[in-house]
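Chemist: My structure is below; once you've seen it, I'll send some questions.
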Amino acid sequence: MIDFDYVRATDLASAGRAGAAPSTRFVAGGTNLVDLMKLDVERPLHLVDINDLTRADPTLAAIADLPNGGLRIGGLARMRDVAWDAKVRERYPVVSQSLLLAASGQLRNMASIGGNVLQRTRCPYFRDTAMPCNKREPGSGCSALVGINRSEALLGTSEHCIATYPGDLGVSLVALGATVHIYTPAGSTRTLPFSSLHVLPGAHPERENVLRPGELITAIDLPPLAAARRSLYLKVRDRASYAFALASAAVAVDLDGRTIRDARVGLGGIATKPWRSHEAERVLIGKPATASTFHAAADAALADARPHRDNAFKATLAKRTLLRALTEVTA
Amino acid sequence: MRSLIDREPATCRRTERAIEPGDEAPDFEFTSAGSTRRLSDFRGSPVVLAFHGAQWDPARAEHIDTYNRLIGKLGGLAGARLLEIGGDGPWRELRFADDALSLPVVALGDTSIASCYGSGDEPAVFVIDGDGIVRWALIGPMSLANPTEVARAISVVAEPFVHPPNEPGAVHEGSAWTRRDFVATTLAAAFALALRPVEAHAQRVAALGTAPARQSARSVTLNVNGHDLVLQLEPRVTLLDALREYAGLTGSKKGCDHGQCGACTVHIDGRRELSCLTFAMMQEGHRITTIEGLANGEQLHPMQQAFITHDGFQCGYCTSGQIMSAVAVLDESWGPADDDVREAMSGNICRCGAYPGIVAAVQEVRRAQASNGGGQTR
Chain F
11 MIDFDYVRAT DLASAGRAGA APSTRFVAGG TNLVDLMKLD VERPLHLVDI
61 NDLTRADPTL AAIADLPNGG LRIGGLARMR DVAWDAKVRE RYPVVSQSLL
111 LAASGQLRNM ASIGGNVLQR TRCPYFRDTA MPCNKREPGS GCSALVGINR
161 SEALLGTSEH CIATYPGDLG VSLVALGATV HIYTPAGSTR TLPFSSLHVL
211 PGAHPERENV LRPGELITAI DLPPLAAARR SLYLKVRDRA SYAFALASAA
261 VAVDLDGRTI RDARVGLGGI ATKPWRSHEA ERVLIGKPAT ASTFHAAADA
311 ALADARPHRD NAFKATLAKR TLLRALTEVT A
Chain R
473 MRSLIDREPA TCRRTERAIE PGDEAPDFEF TSAGSTRRLS DFRGSPVVLA
523 FHGAQWDPAR AEHIDTYNRL IGKLGGLAGA RLLEIGGDGP WRELRFADDA
573 LSLPVVALGD TSIASCYGSG DEPAVFVIDG DGIVRWALIG PMSLANPTEV
623 ARAISVVAEP FVHPPNEPGA VHEGSAWTRR DFVATTLAAA FALALRPVEA
673 HAQRVAALGT APARQSARSV TLNVNGHDLV LQLEPRVTLL DALREYAGLT
723 GSKKGCDHGQ CGACTVHIDG RRELSCLTFA MMQEGHRITT IEGLANGEQL
773 HPMQQAFITH DGFQCGYCTS GQIMSAVAVL DESWGPADDD VREAMSGNIC
823 RCGAYPGIVA AVQEVRRAQA SNGGGQTR
């Protein structure tokens, strides 16, 4: 690991100023960043520890009701605290489940919500500095296109990068239509739909989100949503626990009798960013909650899948994952 | 063999028979860093005199754990940990947490003193009381790597210092050990490499061709197992490396070093976290508990005992992480089923496959807690 200097920020203003400097990274839980620094994939010269920001402003780690009936989750709240929170579990089960099915107990105790959604989109070649990778070294080429690409993405890929966004929480948040609050180094704040936070790799896979230097996620708002109480996160992995998704589905369904009044569908493990399938939602809404509807929705969700040599099976797997999630959540 | 002593020690009287308990310890003189000292200078304090083979270096990193275990056994001084090995040449100062204890070490370059104690070429340890009388002696194959016997002897000799007569049975609270007049001296007939751990680390870094430090090492205070440790650390030192390489607490294991195996699990403010994925500097101001801080003196934590009872390990490498994780799991919101335990513990990998025993151990402690009204184990 290269050497770097370390400072603790005590308030948002100083964090923003320090974070805007070149070659600087914020660190909260550190679970993704420290790992990549050990691999020499991340090589920041400056680290700004933002954990103490909660002393000046405890709401940065809080989970609080919003006047509109939604919930606000502080960017420095830990995965564990959000996962087990009673309000989250009751009103947004898909959020709790996607957190509990992610990482391990130790990592969930460490990782912040802001850091979790901003974890790097990555593949084995990104982690291996001996191999070309456009995300790590722009213009060096993509090893996964011709290499082992079983874990790579089917949706949202480009000729420059096919790495999968590995997070689970982000899949739930994009399905629910969450909102992101961002502190800017100028001292102002801005908000974004969660679906706009991440960008497709296109010709610049090194850029994964729209945050500018020094910008910090201060909170994520979960909207009031009737469908959210009947929601589910289903994750299919190579082993039963503590693994990335081969395919996952975040679904929320509001039923009127057996008719689907509203539906939200997010897909994980198969896309280059947290993936919301409006195609599947359009098929579901207004239709009866039956197997044939779910089949049609799954087919629509994966219609644009572009498989590579080793990962074609994931299109089928993702369809079946979505099918089962919809079946279970409407049972 | 290079002698690190400034000049030859004043000869003491050779003896035909080995020195035994009850004998007066032969006095001798040695010079270090320009000043001359005699063994008798240490009258009033217990002294440990150790003769070791030529390969023994009191400052070698692998001895740190031994020192810690030795000190740990001195009346159950749990948490007293070696902070640093200071000094140069033959005279070393081992400084422990809270200045509770300092352990000067002298490495001598010849065996003439050993012959005064009748130990010849064999390793030997003598414990000398404050009156200069040998109270315990062992000549023959042994080493400080097996410190139990030495510790037992020291604790006998040091009893008046550890438990002053007006505090009968005082149980190892900080006050008993903050006294600085307990000086145990180890004299080693050995060739000493004058390398401090931090310097050795710097040399390794230099050998790897890493860029010079942008931000040099600075004092970091870590609260570990109830004690404040002051370590000189660069920002890039992980908590795991700080514990293992700088504080000498090698109970936390380095398995994958990338957050995939759980062997490095410690508690931070009571929560289980991975010490390999956080920088030590980030943990200043937080309460760190390692496997070394789990037992209450010689009394094992219930989870440690349960792992033994249920055979929850084979090779043992993942065990400290498993146990730290398991203790914290019982403070989390998991359900009571075996499958809940398996899911909760999935961040700890056991390549020996001792999982059935691990699940049984966790379940036993969980049930015992539940029947005790849900009391916490820590």
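Protein chains in written order, with our numbering: chain F, 11 to 341; chain R, 473 to 850. For every residue, glycine included, the Cβ atom is placed at its ideal position computed from N, Cα and C. Small disclaimer: the values here were computed from a predicted structure and weren't measured.
1) According to DSSP, which residues form a beta bridge with P298/F?
2) Measuring straight from C-alpha to C-alpha, what distance separates A31/F and E225/F?
3) Short of 7 Å in beta carbon distance, which residues of its chain neighbour L70/F, apart from the five on each side in sequence? Order them along the chain.
4) Helix, strand or coil for W285/F, going by three-state DSSP, please let me know.
5) Excluding five sequence neighbours on each side, which residues of the same chain lie with their C-beta closer than 6 Å to the C-beta of H758/R?
6) Classify E770/R: buried if its beta carbon has 16 or more other beta carbons within 10 angstroms, exposed otherwise.
7) Which residues in the same chain have their Cβ closer than 6 Å to the Cβ of M753/R, if we skip the five residues on either side of it in sequence?
8) Return the chain-ordered list of same chain residues with a C-beta closer than 8 Å to the C-beta of L221/F, the five sequence neighbours on each side being excluded.
9) Please classify V339/F as buried or exposed, where buried requires at least 16 neighbouring CB atoms within 10 angstroms.
10) When DSSP labels each residue in this structure, what does C143/F get in the three-state scheme?
11) Under a CB-based cut-off of 8 Å, is A833/R close to chain F?
12) Closer than 8 Å by beta-carbon distance: list the chain F residues that pair up with D803/R, in chain order.
13) Which residue wins for smallest C-alpha separation from N321/F, given the options G149/F, A308/F, I270/F, V156/F?
14) Is there a Cβ of chain R sitting closer than 8 Å to that of V44/F, yes or no?
15) Do A257/F and A185/F have their beta-carbon atoms positioned less than 8 Å apart in this structure?
16) Relative to the C-alpha of E216/F, which candidate in R146/F, T167/F, P284/F has its C-alpha closest?
17) For a test of the three-state rule: what should DSSP assign to Y193/F, helix, strand or coil?
18) Evaluate the contact criterion for the segment 782-790 of chain R versus the segment 815-826 of chain R: three or more CB pairs, one atom per stretch, below 8 Å.
19) What whole-angstrom Cβ distance do L46/F and R130/F have, given they're in contact under 8 Å?
20) Would a C-beta distance cut-off of 8 Å place S805/R and Y252/F closer than the cut-off?
21) Within this structure, are the beta carbons of Q794/R and N768/R separated by less than 8 Å?
22) Which residues in chain F sit within 7 Å of M753/R, going by Cβ to Cβ distance?
23) Measure from the C-beta of G115/F to each C-beta in chain R and report whether the shortest distance is under 8 Å.
24) Quick one: which chain R residues come within Cβ less than 8 Å of T326/F?
25) Taking only runs of the alpha helix (DSSP H) that begin and end inside the segment 749-800 of chain R, which ones reach a length of at least 4 residues, in chain order?
26) Roughly how many angstroms lie between the CA atoms of A885/R and L277/F, to the nearest whole one?
27) Taking Cβ-Cβ distances below 8 Å as the criterion, which residues of the segment 699-711 of chain R are in contact with chain F?
28) Beta-carbon of K297/F versus every beta-carbon of chain R: anything under 8 Å?
29) Could you give the residue range of the alpha helix (DSSP H) that holds C44/F?
30) So which residues on chain A does D729/R lean against when the C-beta distance must stay under 7 Å?
31) Could you tell me the distance, in whole angstroms, from the CA atom of A800/R to the CA atom of A809/R?
32) What are the boundary residues of the alpha helix (DSSP H) that R118/F is part of?
33) Nearest chain F C-beta to L749/R closer than 8 Å, yes or no?
34) L256/F by DSSP, collapsed to three states: which one?
35) Taking I491/R as the reference, which of V606/R, A798/R, R838/R has the closest Cα?
36) Closer than 8 Å, CB to CB, is M11/F near chain R or not?
Modeler: The answer reads as follows:
1) T269/F
2) 11 Å
3) L63, T64, G84, G85, L86, T228
4) strand
5) I740, D741
6) exposed
7) V692, P707
8) L128, I192, L207, I227
9) buried
10) strand
11) no
12) Here the premise fails: no neighbours, minimum Cβ distance about 11 Å.
13) V156/F
14) yes
15) no
16) R146/F
17) strand
18) yes
19) 7 Å
20) no
21) no
22) Y16
23) yes
24) In chain order: nothing, as chain R lies at least about 26 Å away.
25) 774-781
26) Lying outside 473 to 850, the shown extent of chain R, residue 885/R is not represented and no answer is given.
27) E706, P707, R708, T710
28) no
29) According to the sequence as given, residue 44/F is Val; it is not Cys. Residues 43-48.
30) Here chain A cannot be found, since the structure's protein chains are F and R.
31) 17 Å
32) 115-120
33) yes
34) coil
35) V606/R
36) yes
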